[in-house]
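All residue numbers in the sequence shown are consecutive under the numbering used here, ending with 458.
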Amino acid sequence: MKNLKSEILETNITKMVLLSIAFTIAMVALASNASAAAQTPSYGTAIVDGKYIEWDLNADHFADMHEAYNANKDVLSKLYLRYNCSAKVMYVLVLRVPPYEVQPTADDAGLELIVRKGRR
339 MKNLKSEILE
349 TNITKMVLLS
359 IAFTIAMVAL
369 ASNASAAAQT
379 PSYGTAIVDG
389 KYIEWDLNAD
399 HFADMHEAYN
409 ANKDVLSKLY
419 LRYNCSAKVM
429 YVLVLRVPPY
439 EVQPTADDAG
449 LELIVRKGRR
């Protein structure tokens, strides 16, 4: 029983770290696209469970995320967004682009949302 609890805890921690990394990468991509033409996320909801079967990878695609935030460098991952207007919730999915791998570290995991007043 103790071993099962340990496995569940490790799985949950891993999911949290990966989700945090995804959010960090997403916010970096959003910031790097700030100078580009404004894009609109698709509208809807998503189930936050570590799976992405309900996502439409064409309609929900928002941005390519490049190495060092430089569009002249390789695309490391893809950013997908969905926004639920009534609940005011943004769903974020980040998928790596092979052959690149996610290297989760506590220092790089997190989410930052910057809201700029007066911008639409």
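Ideal Cβ positions, reconstructed from N, Cα and C, are used throughout, including at glycine.
| Item | Value |
| --- | --- |
| Who pairs with Asp402 in a beta bridge, going by DSSP? | Lys416 |
| Anyone know if the C-beta pair for Val413 and His399 falls short of 8 Å? | no |
| Just confirm the distance between the C-beta atoms of Met428 and Leu417, as a whole number of angstroms; I'd bet it's less than 8 Å. | Between Leu417 and Met428 the Cβ distance is about 11 Å, and since that is not below 8 Å, they are no contact. |
| Checking 8 Å against the spacing of the C-beta atoms, do Tyr421 and Pro379 come in under that value? | yes |
| In three-state terms, what does DSSP make of Tyr407? | helix |
| Leu431 bridges to which residues according to DSSP? | Tyr418 |
| By how many angstroms is the C-alpha of Lys411 removed from the C-alpha of Ala397? | 24 Å |
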